[in-house]
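A.B. asks: First to last, the sequence lines map onto chains X and E. Positions in the first sequence are counted from 1; adding 10 to them yields my numbering. Positions in the second sequence are counted from 1; adding 10 to them yields my numbering.
Number of protein chains: 2
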Amino acid sequence: MNLKQLAKELNLSFSTVSKALRDSHEISTDTKNRVLAKAKELNYQVNPLASSFRKQKSRTIAVVIPEVVNDFFGPVINGIESIAQEKSYHVLIYLTHEDMQKEVAITQLLQNGRVDGIMMSLSEQTSDTTHLEALKEKGIPLVFFDRTVDQPDAPKVTTDDYNCGIKATEHLIESGCKQIAFLSISQHLSISNKRMNGYLEALKKNNIKPDSALIVSCDSDDAKNNERIQELLKRENRPDGIFASVEKLAVSTYKICEELRLNIPKDVKIVTFSNSYTAAFLNPSLTTVTQPAYEMGREAAAVLFKLIEKKKPASPIDNIVLNSILIARNSTKSE
Amino acid sequence: MNLKQLAKELNLSFSTVSKALRDSHEISTDTKNRVLAKAKELNYQVNPLASSFRKQKSRTIAVVIPEVVNDFFGPVINGIESIAQEKSYHVLIYLTHEDMQKEVAITQLLQNGRVDGIMMSLSEQTSDTTHLEALKEKGIPLVFFDRTVDQPDAPKVTTDDYNCGIKATEHLIESGCKQIAFLSISQHLSISNKRMNGYLEALKKNNIKPDSALIVSCDSDDAKNNERIQELLKRENRPDGIFASVEKLAVSTYKICEELRLNIPKDVKIVTFSNSYTAAFLNPSLTTVTQPAYEMGREAAAVLFKLIEKKKPASPIDNIVLNSILIARNSTKSE
DNA sequence: TTTATTTACGACAACGTTGTCGTAGCTTTT
DNA sequence: AAAAGCTACGACAACGTTGTCGTAAATAAA
Numbered sequence: 011m012n013l014k015q016l017a018k019e020l021n022l023s024f025s026t027v028s029k030a031l032r033d034s035h036e037i038s039t040d041t042k043n044r045v046l047a048k049a050k051e052l053n054y055q056v057n058p059l060a061s062s063f064r065k066q067k068s069r070t071i072a073v074v075i076p077e078v079v080n081d082f083f084g085p086v087i088n089g090i091e092s093i094a095q096e097k098s099y100h101v102l103i104y105l106t107h108e109d110m111q112k113e114v115a116i117t118q119l120l121q122n123g124r125v126d127g128i129m130m131s132l133s134e135q136t137s138d139t140t141h142l143e144a145l146k147e148k149g150i151p152l153v154f155f156d157r158t159v160d161q162p163d164a165p166k167v168t169t170d171d172y173n174c175g176i177k178a179t180e181h182l183i184e185s186g187c188k189q190i191a192f193l194s195i196s197q198h199l200s201i202s203n204k205r206m207n208g209y210l211e212a213l214k215k216n217n218i219k220p221d222s223a224l225i226v227s228c229d230s231d232d233a234k235n236n237e238r239i240q241e242l243l244k245r246e247n248r249p250d251g252i253f254a255s256v257e258k259l260a261v262s263t264y265k266i267c268e269e270l271r272l273n274i275p276k277d278v279k280i281v282t283f284s285n286s287y288t289a290a291f292l293n294p295s296l297t298t299v300t301q302p303a304y305e306m307g308r309e310a311a312a313v314l315f316k317l318i319e320k321k322k323p324a325s326p327i328d329n330i331v332l333n334s335i336l337i338a339r340n341s342t343k344s345e
Numbered sequence: 011m012n013l014k015q016l017a018k019e020l021n022l023s024f025s026t027v028s029k030a031l032r033d034s035h036e037i038s039t040d041t042k043n044r045v046l047a048k049a050k051e052l053n054y055q056v057n058p059l060a061s062s063f064r065k066q067k068s069r070t071i072a073v074v075i076p077e078v079v080n081d082f083f084g085p086v087i088n089g090i091e092s093i094a095q096e097k098s099y100h101v102l103i104y105l106t107h108e109d110m111q112k113e114v115a116i117t118q119l120l121q122n123g124r125v126d127g128i129m130m131s132l133s134e135q136t137s138d139t140t141h142l143e144a145l146k147e148k149g150i151p152l153v154f155f156d157r158t159v160d161q162p163d164a165p166k167v168t169t170d171d172y173n174c175g176i177k178a179t180e181h182l183i184e185s186g187c188k189q190i191a192f193l194s195i196s197q198h199l200s201i202s203n204k205r206m207n208g209y210l211e212a213l214k215k216n217n218i219k220p221d222s223a224l225i226v227s228c229d230s231d232d233a234k235n236n237e238r239i240q241e242l243l244k245r246e247n248r249p250d251g252i253f254a255s256v257e258k259l260a261v262s263t264y265k266i267c268e269e270l271r272l273n274i275p276k277d278v279k280i281v282t283f284s285n286s287y288t289a290a291f292l293n294p295s296l297t298t299v300t301q302p303a304y305e306m307g308r309e310a311a312a313v314l315f316k317l318i319e320k321k322k323p324a325s326p327i328d329n330i331v332l333n334s335i336l337i338a339r340n341s342t343k344s345e
């Protein structure tokens, strides 16, 4: 069932029918009603492939993220999808698996009109950004969220990672920690660095001398990360507080503490960024900095659609910073 | 940059260029190389909108699921996406939010060639299946996974929910439970029913008389679910074992036990279906039946691509059942 | 040499829709 | 009553690609 057939049924030209369906002012109300009725009767729907092609608009956006096995990106997708559904857009999903090569390949795919806009959260590995510049040059609306980058200049939706880095660290200090370690997840990652800078700033404010030996650089190699954390906790003067930049490092630390028979929070206190709702039920319950993931998805999608619809270049106003919250639980309880 | 411009640069007709790019046997190797080189030089990429339209193939599949805020669907998407990436297909994602009306609306959207195939896991509410029959009638390749339905007849990828229902229940019995409650998540949902039937079978095998008062019908209303579970645990002869059909009900039970000062596992033992990797770190660590979510995504995607590529009607062989595993932890420990 | 066959390319017509333009018939203005 | 404008529709040309068909030139078979 296509326009031509529908037009034949109605004894109208197919261009009239097309216009009637799109509520053009050129068509009389009578005709419009006739067409609409018939279209419904015959269950006519426009061919989206033809329509997209003709208009060179796909009504589709791409979401490029590292993973979904994670309590953060799940709700983010939820938020994005909810806005997309309101706008009757479609959502393509691409996973980089924290691999920059895949990220490059994916951006390559998205350069030819397949999508009307792109939302990205960068992989841990992403250092070079020429593939992102290429998107920008092609004029494809682009929004970064959470894991952002300075260049190219595109709207960003983030949380107050720096401030929360300070808050989390000061929370450990207030709980009595003297030697606080920071578990970083990537040198390249904006969020990891911002959280670390917050950590460093908090130490400074509280006259604690930063110790580079207490900054552990982790990455996507879980086995290696475990070794690194183990090494940290086996030291003679091991830290009495740990600030993990991402949840998986905190959970690894839990496991290692169990193995080393270190008591949390007595021997070592732990705080982490996390969106897991089970944090409250861990043993002991885990103090977290929790990001408003769903809202972040919604905000980022809203910004993207503003870009798509208004064709306005990204205004600086569109750099949105949302507030995360620190939820103190037993993993940082002072005796 | 399109075919015509590329052809002009090469002094060839655009149909020759098109064929060369698709490695047609009609074109000489020399010409092919020339074309390929020039295409690379000028960074030519086919217009996916035009190509899809012409071929009436979108190289896109849709994944329709209830939610992503969940440790099950995350890895499933991961699995699906990994196969799609291998086949260079694109993945659209649609969330029903456990709402049948949305599910119907989404299936409506997918009927006009926007996607070459669909993978679905049904919403809790889905009782009527005419919208699914409609997809089937349109001849769109369709695969169900996890939350399936008998009609229409389409390939299904599931886990051995019935057997695991037995296993989980017998595990509670072996741990000393005499009164085992089952927390159902939906009357309509295949997985919930299969798990319950396993539960009932296990009771029968062990000569325990099933008690309908011990079967609690939960749904997507979390507040109501809490009330129901509370009511269950406040009874005079409260159960000493609880088998939750989904993780969120188990976590709710944890919370309620804490409030009611019931000790897990002493007063009540708990087992649940769950894919959360934090289950091991809960207080107490939670005994789970864990589904192979990633593999499920991969298997289901593989079946869908078989359907798409071979155009073979679904053979009964394509009903794949994967095995979940029971991981015994402290929530079911007998003293 | 003549006739088939193959090779390598070009011409061209779709695919279904959208938007521009043309126009017949009517209404309003001068 | 002639000129101008408006209303409601149809004709038609795109959009960029793909696949079918036609056909010179080269090669092979007769």
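A virtual CB, placed ideally from N, CA and C, is assigned to each residue, including glycine. As the structure is a computational prediction, the values presented were derived from the model and not from experiment.
Counting contacts by CB-CB distance shorter than 9 angstroms, is N288 of chain E in contact with chain X?
C.D. replies: Looking at the sequence shown, residue 288 of chain E is not Asn but Thr. Interface residue, yes.
A.B. asks: Considering only the beta carbon of each residue, do L296 of chain X and A260 of chain X sit closer than 9 angstroms?
C.D. replies: Yes, the pair counts as a contact, with Cβ atoms nearer than the cut-off.
A.B. asks: Hey, out of X:N235, X:A338, X:L242, whose CA is closest to F283 of chain X's CA?
C.D. replies: Nearest option by C-alpha distance: X:A338.
A.B. asks: Along the alpha helix (DSSP H) that carries S262 of chain E, what are the first and last residues, could you check?
C.D. replies: Taken as a continuous stretch (DSSP letters only), the alpha helix (DSSP H) holding S262 of chain E covers 257–269.
A.B. asks: Around the Cβ of Q15 of chain X, are there at least 16 other Cβ atoms within 10 angstroms (buried) or fewer (exposed)?
C.D. replies: Result: exposed.
A.B. asks: Determine the closest residue to V256 of chain E out of E:D160, E:A289, E:P165, E:M11, with distance taken between C-alpha atoms.
C.D. replies: Ranking E:D160, E:A289, E:P165, E:M11 by Cα distance to V256 of chain E puts E:A289 first.
A.B. asks: Going by DSSP, what residue range makes up the alpha helix (DSSP H) through Y209 of chain E?
C.D. replies: Looking at the DSSP string, the run of the alpha helix (DSSP H) that includes Y209 of chain E is 200–215.
A.B. asks: In chain E, which residues lie less than 8 angstroms from A254 of chain X when you measure between Cβ atoms?
C.D. replies: Result: empty, since nearest Cβ-Cβ is about 14 angstroms, beyond 8 angstroms.
A.B. asks: Which same chain residues end up closer than 7 angstroms to A164 of chain X when comparing Cβ atoms and leaving out the 5 residues on each side of it in sequence?
C.D. replies: Excluding sequence neighbours, A164 of chain X sits near K146, L152, V153, F154, A324.
A.B. asks: According to the neighbour-count rule (16 or more other Cβ atoms, all chains shown, within 10 Å of its Cβ), is E91 of chain X buried or exposed?
C.D. replies: With 16 or more other Cβ atoms within 10 Å, it is buried.
A.B. asks: So, do the region 239–251 of chain X and the region 187–204 of chain X have three or more beta carbon pairs nearer to each other than 8 angstroms?
C.D. replies: Yes, they touch.
A.B. asks: Please tell me whether G123 of chain E has its Cβ less than 9 angstroms away from any Cβ of chain X.
C.D. replies: Judged by the 9 angstroms Cβ criterion, G123 of chain E is in contact with chain X.
A.B. asks: Exposed or buried, D328 of chain X, counting other C-beta atoms within 10 Å across all chains shown (16 or more means buried)?
C.D. replies: Buried.
A.B. asks: Could you give the first and the last residue of the continuous beta strand (DSSP E) run that contains F315 of chain E?
C.D. replies: Unbroken run through F315 of chain E is the alpha helix (DSSP H), 303–320; no beta strand (DSSP E).
A.B. asks: In its own chain, which residues sit with a C-beta less than 8 angstroms from the C-beta of A312 of chain X, not counting the 5 before and 5 after it?
C.D. replies: The residues are I93.
A.B. asks: Please report the straight-line C-alpha distance between A310 of chain X and M129 of chain X, rounded to a whole angstrom.
C.D. replies: Near 8 angstroms, if we compare the C-alpha coordinates of M129 of chain X and A310 of chain X.
A.B. asks: Could you check what DSSP says for S230 of chain E in three-state terms: helix, strand or coil?
C.D. replies: The answer is coil: DSSP assigns S230 of chain E none of H, G, I, E or B.
A.B. asks: List the residues of chain X that I350 of chain E touches, going by C-beta distances under 7 angstroms, in chain order.
C.D. replies: In the structure as shown, chain E begins at 11 and stops at 345. Residue 350 of chain E is therefore absent and cannot be evaluated.
A.B. asks: First and last residue of the beta strand (DSSP E) that includes I330 of chain E?
C.D. replies: Unbroken beta strand (DSSP E) run through I330 of chain E: 330–332.
A.B. asks: State the start and end residues of the unbroken alpha helix (DSSP H) segment that holds L31 of chain E.
C.D. replies: Taken as a continuous stretch (DSSP letters only), the alpha helix (DSSP H) holding L31 of chain E covers 24–31.
A.B. asks: Under 9 angstroms, do V74 of chain E and Y104 of chain E count as touching if we go by C-beta distance?
C.D. replies: Yes, Cβ-Cβ distance for V74 of chain E and Y104 of chain E is below 9 angstroms.
A.B. asks: Helix, strand or coil for Y104 of chain X? Go by DSSP, reduced to three states.
C.D. replies: Reduced to three states, the DSSP call for Y104 of chain X is strand.
A.B. asks: Give the secondary structure of S194 of chain X by DSSP, where H, G and I count as helix, E and B as strand, and everything else as coil.
C.D. replies: Note: S194 of chain X maps to strand in three-state DSSP.
A.B. asks: Give me the Cβ distance between T158 of chain X and K148 of chain X, rounded to the nearest whole Å; I'm assuming they're in contact under 8 angstroms.
C.D. replies: With a Cβ gap of about 19 angstroms, T158 of chain X and K148 of chain X do not count as contacting.
A.B. asks: Rounded to the nearest angstrom, how far is the Cβ of V79 of chain E from that of N88 of chain X, given a contact under 8 angstroms?
C.D. replies: The Cβ separation is near 6 angstroms, so the contact holds.
A.B. asks: Is it right to say L317 of chain X is buried, meaning 16 or more other beta carbons lie within 10 angstroms of its own, or is it exposed?
C.D. replies: Buried: at least 16 other Cβ atoms inside 10 Å.
A.B. asks: Out of E:V101, E:F82, E:L46, point me to the one whose CA is closest to I71 of chain X's CA.
C.D. replies: Selected option, being the one with the closest Cα: E:V101.
A.B. asks: Should D81 of chain E be flagged as near chain X, meaning a C-beta pair shorter than 9 angstroms?
C.D. replies: Closer than 9 angstroms to some Cβ of chain X, the Cβ of D81 of chain E qualifies, so yes.
A.B. asks: Can you find the residues in the same chain that come closer than 7 angstroms, C-beta to C-beta, to A178 of chain E, ignoring five residues on each side of it along the sequence?
C.D. replies: F253, V281, V299, L336, listed in sequence order.
A.B. asks: Under 9 angstroms between C-beta atoms, does H141 of chain X make it to chain E?
C.D. replies: Answer no: the Cβ-Cβ gap between H141 of chain X and chain E never drops below 9 angstroms.
A.B. asks: For the region 261–276 of chain X against the region 228–239 of chain X, are there 3 or more C-beta pairs whose distance is under 8 angstroms?
C.D. replies: The answer is yes - the region 228–239 of chain X touches the region 261–276 of chain X, with three or more Cβ pairs under 8 angstroms.
A.B. asks: In the region 66–80 of chain X, which residues sit with their C-beta less than 9 angstroms from some C-beta in chain E, listed in chain order?
C.D. replies: Here the close residues are Q66, K67, S68, T70, A72, V73, E77, V78, V79, N80.
A.B. asks: Could you list which residues in chain E have their beta carbon closer than 7 angstroms to that of I218 of chain X, in chain order?
C.D. replies: Under the 7 angstroms cutoff, chain E gives no residues; its nearest Cβ is about 29 angstroms from I218 of chain X.
A.B. asks: Distance check for H107 of chain E and D231 of chain E, CA to CA, integer angstroms please.
C.D. replies: So the alpha carbons of these two residues sit roughly 12 angstroms apart.
A.B. asks: Of the residues that make up the region 96–111 of chain X, which ones have a beta carbon closer than 7 angstroms to any beta carbon in chain E?
C.D. replies: The residues in question are H100, V101, L102, I103, L105.
A.B. asks: Roughly how many angstroms separate the alpha carbons of T2 of chain X and P220 of chain X, rounded to a whole number?
C.D. replies: Here chain X has residues from 11 to 345 only, and residue 2 of chain X is not among them.
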